[in-house]
Amino acid sequence: MKLGIPKESIPGETRVATTPEVAQKLVKSGFEVLLEAGAGAAAHYTDAAYEQAGVKLVERGACFDADIMLKVRRPTDDEAAAVRAGAVYIGLLESCGDDPLVGRMLEQGVTVLGMERMPRISRAQSMDALSSQSNIAGYRAVIEAAACYGRFFPMMMTSAGSAKPARLVVLGAGVAGLQAIATARRLGADVHAYDVRPETKEQIESLGAKAIELDLGESGAGEGGYARELSDEAKARQQQLLADELAKAHVIITTALIPCRPAPELITEDVVGRMREGSIIADLAAANGGNCKLTEPDQVVVRHGVTIVGHTNYPAMVPADASAFYAKNVANLLEIMVDKSDSGPVLRDLSEDEITKAMLVEA
Ligand SMILES: NC(=O)c1ccc[n+]([C@@H]2O[C@H](COP(=O)([O-])OP(=O)(O)OC[C@H]3O[C@@H](n4cnc5c(N)ncnc54)[C@H](O)[C@@H]3O)[C@@H](O)[C@H]2O)c1
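Heads up: the sequence shown at position 219 corresponds to 556 in my numbering, and the numbers run straight through without jumps.
Quick look at the structure:
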């Protein structure tokens, strides 16, 4: 069974869907791995390392002649058209609801598995790319904020004077937010965090941060551990109650998302205007509209003296580890997709396992 891995073609994408280490295991399991030459270069994985792992380096077109295509990012029109009938496509689809591009792939006879559709159950944890990549995003956003900040994160006492720790607020304590809290704590910041789901209080405190608690008059907890969209009244109340906490912050890392909805707007222009000159907002929700009114996706802007960082692809800024985690997620998924046979792996009925069933895009 052939696995095809093309170079990612979305501008700025540095990740690759498999690494030499993971590919070596796949080859041992009986897969033939076809990788576009140079596909791992931006993630610091050389063609030589892949070849040593038993990977066959091919021209771009040849890797689409595979039984299973492995991608990180959403397919482009050309990539979607190039996947052959009868093949399985695995990758992040980056869409919600109706998706004409994926619809065309299904019409072509391609079986499409969306990595973001991975059910959040214990058995699927090792395959959960949303978590592995969000974790990296939370870490990298704090590093970015620290690099942009003109002061220290930790308290510093030196013979030349002392500096107070940065007051850092994390909004949204899901996977990215909890890693942001942990990273900011390691850097010595004074960390406060808020999430609309009440059960996060304990998780925030277990990482040594202070939980910000607000009485919104309704719960933000939705289905499957995710948040739900608040009523307009509760949204307004939340903005108002958060305003003083946020205006006091020197650094804000925002990660608040609601599945398939625009990101909630938590930081108004008025709050930005009240923050201290030189403060930083790293808005991880930038691709979904932003948690800050003034965020511009893929831009770093200064508004009212505050630097607002709108990067939309933090995992691509940690390409070696992000690719390694993603590759392992996909390899763990492949393991439950096939049966072993003397002639190599054989595809199972993907609608039989609850994990692959949930990931399958239906026509
Ligand atoms: N395999 C598993 O069991 C598994 C794996 C990963 C995550 N999870 C759980 O899934 C849930 C979602 O995690 P995620 O990181 O994907 O979430 P996410 O990326 O969808 O959202 C990030 C966070 O933003 C918060 N949020 C949304 N609206 C908000 C608002 N108005 N104000 C403040 N915060 C707001 C959410 O509650 C969430 O914690 C969590 O409960 C997490 O523990 C489970």
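The beta-carbon is built from N, C-alpha and C at its ideal position, and this holds for glycine as well.
Inset, instruction - Determine the DSSP secondary structure at Ala558, reduced to helix, strand or coil. - result: strand
Inset, instruction - Give a yes or no on whether the C-beta atoms belonging to Val392 and Pro357 are separated by under 9 Å. - result: yes
Legend entry - Residue burial classification, Thr495 (beta-carbon count within 10 angstroms, cutoff 16): exposed
Inset, instruction - Express the C-alpha separation of Ala503 and Ala519 in angstroms, rounding to a whole number. - result: Taking the straight line joining both Cα atoms gives about 15 Å.
Inset, instruction - Using a threshold of 9 Å, state whether the C-beta atoms of Gly615 and Gly451 are closer than that. - result: no
Legend entry - Continuous alpha helix (DSSP H) stretch holding Ser543: start and end: 537–543
Legend entry - For Cys629, the residue or residues it bridges with in DSSP: Ile604
Inset, instruction - Could you tell me if Lys547 is buried or exposed, where buried requires 16 or more neighbouring beta carbons within 10 angstroms of its beta carbon? - result: Lys547 should be labelled exposed.
Legend entry - Cutoff 7 Å; reference Gly562; Cβ partners in own chain excluding five residues on either side: Arg457
Inset, instruction - Indicate whether at least one CB of chain C lies closer than 9 Å to the CB of Gln361. - result: In the structure shown, chain C does not exist; there is a single protein chain.
Inset, instruction - Would you kindly check if the distance between the Cβ of Leu544 and the Cβ of Ala564 is under 9 Å? - result: no
Legend entry - Cβ pair Arg352, Val409 closer than 9 Å: Yes, Cβ-Cβ distance for Arg352 and Val409 is below 9 Å.
Legend entry - Distance CB(Val533)-CB(Ser468) smaller than 9 Å: no
Legend entry - Ala376 (DSSP reduced to helix, strand or coil): Taken through DSSP and simplified to helix, strand or coil, Ala376 comes out as coil.
Inset, instruction - Drop a sphere of 10 angstroms on the beta-carbon of Gly498, count the other beta-carbons inside from all chains shown, and report buried for 16 or more, exposed for fewer. - result: exposed
Legend entry - In chain order, each beta strand (DSSP E) run of at least 3 residues that lies wholly inside the segment 420–474: 425–428, 448–451
Legend entry - Where Met492 falls, given that 16 or more other Cβ within 10 Å makes a residue buried: exposed
Legend entry - Cβ-based burial, Arg477 [other Cβ within 10 Å; buried from 16]: buried
Legend entry - Option nearest Val643 by Cα separation, candidates Glu542, Gly610, Ser678, Ala558: Checked all of Glu542, Gly610, Ser678, Ala558; the closest Cα to Val643 is Gly610.
Inset, instruction - Give a yes or no on whether the C-beta atoms belonging to Tyr387 and Ser660 are separated by under 9 Å. - result: no
Inset, instruction - Assign Tyr563 to one of three DSSP states: helix, strand, or coil. - result: coil
Inset, instruction - With DSSP as the reference, label Glu481 as helix, strand or coil. - result: helix
Legend entry - Cβ-Cβ distance between Ala586 and Leu505 below 9 Å: yes
Legend entry - CA-to-CA distance, Phe489 to Gly377, given in whole angstroms: Approximately 35 Å between the Cα atoms of the pair.
Inset, instruction - Using 8 Å as the cut-off, classify the Cβ of Ser459 as near or not near the heavy atoms of ligand 1, replying yes or no. - result: yes
Legend entry - Helix, strand or coil at Thr693 [DSSP, three-state]: helix
Inset, instruction - Alpha carbon to alpha carbon, how far is Leu430 from Ser463? Give it in angstroms, no decimals. - result: When the Cα atoms are used, Ser463 and Leu430 turn out to be separated by approximately 19 Å.
Legend entry - Inter-residue spacing [alpha-carbon to alpha-carbon] between Leu583 and Tyr531: 11 Å
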